[in-house]
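Chemist:
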Amino acid sequence: MSPPVFNPRRYPELCSLLGEDIVDPERRSLAEEAHDRILLRIVRGELTAGTELKSTRLAEDLGMSRTPVIQALARLTADGIVSQTLNQRASVRPGAENWLVDLHRTRQLIEPEAADASAGRIPEAVLADLETLVVDAKPGKRPGWQTAARWLDLALHLVVAEFCGNLSMREIIRRCWSYKRLSYEAGNDTDRHLREGWKQHGALLDALAAGEAATAAALMREHLSTAAKRTAGGRIV
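In terms of this note's numbering, the sequence shown opens at residue 903 and continues consecutively.
1) With distance defined between alpha-carbon atoms, name the residue in Arg-1123, Thr-1092, Leu-1084 nearest to Gly-1102.
2) Since Glu-922 contacts Asp-1031 with CB under 8 Å, what's their CB separation in whole angstroms?
3) Using 8 Å as the threshold, is the C-beta distance between Leu-978 and His-937 below it?
4) Gly-1136 and Val-907: beta carbons closer than 8 Å?
5) Answer yes or no: does any C-beta atom of chain C fall closer than 8 Å to that of Ile-983?
6) Smallest Cα separation from Ser-957: which of Thr-969, Thr-950, Leu-949, Glu-948?
7) Quick check: the Cα distance between Arg-1009 and Ala-1019, rounded to an integer number of angstroms?
8) Grab me the residues of Ala-1116's own chain with a C-beta within less than 8 Å of its C-beta, minus the 5 sequence neighbours each way, in chain order.
9) For Glu-954, which three-state DSSP category applies?
10) DSSP puts Ala-992 in a beta bridge; with which residues?
11) Given a cut-off of 8 Å on the beta-carbon distance, is the pair Leu-975 and Leu-955 in contact?
12) What's the call for Val-971, buried or exposed, on a 16-neighbour Cβ count within 10 Å?
13) Going by other Cβ atoms of all chains shown within 10 Å of its Cβ, with 16 needed for buried, is Pro-996 buried or exposed?
14) Evaluate the contact criterion for the segment 1033–1043 versus the segment 1071–1091: three or more CB pairs, one atom per stretch, below 8 Å.
15) Closest to Ala-1051 by C-alpha separation, out of Ala-1063, Glu-1064, Val-1037, would be which residue?
16) Counting along the chain, where does the alpha helix (DSSP H) carrying Val-907 start and finish?
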């Protein structure tokens, strides 16, 4: 029987593979928190294209000092979400509101290939943790299954990236997934969506474990397409 409260430490191989910043998101820095909160406001249309982003005003709005806000703006600028002029004025770049949707489109291009390449290459110990996680994430009345289902979503996709044999592809996928926390925090997934995702993830895991590359690629493609259709017209996916 799985524990009543979700605990990622139950899956030691996944914890070792994914890293502490993913296993324990509460450890994120104030700069990371500021980054996520600013980006979510951009995605929601609260900070529109061309809006000047003043660190003093943002710090006041977010209830924190200027230092983490300045660090957050630097990362947003490096990512291309925010533009910064020579006089250091930062503003929201046109199209930035579609950042999460654009990242999902990027995933649709490369994750099916990563699934194809990783099929049959995932170590048994990692597969065992994923299989345990699938059981713990089974939809039902048990407390914590929704959290487990979201963690299964995160873990399975990052495992695919880890064992696809392509370092560049791995880095791109991990970068895309570094923003997925925003989708979870925005409450975009309903229980129905989580149930659908659980079934899809279970089927994908079976194909990966069996080394069925073509099937794994097709299931990944269908899974990502379903998510895109579900959020058609929205900016959080």
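Heads up, the beta-carbon is just placed ideally off N, CA and C, and yes, glycines get one too. This structure is a prediction, so every number in the text was calculated from the model and none was measured.
Modeler: Inspection of the coordinates gives the following:
1) Before going further, note that residue 1102 is Gln rather than Gly in the sequence given. Nearest option by C-alpha distance: Arg-1123.
2) Not a contact, Cβ separation roughly 16 Å.
3) yes
4) no
5) Of the protein chains in the structure, only one exists, and it is not chain C.
6) Thr-969
7) 15 Å
8) Asp-1018
9) strand
10) Gln-986
11) yes
12) buried
13) exposed
14) no
15) Val-1037
16) Counting along the chain, Val-907 falls outside any alpha helix (DSSP H), and DSSP gives it neither H nor E.
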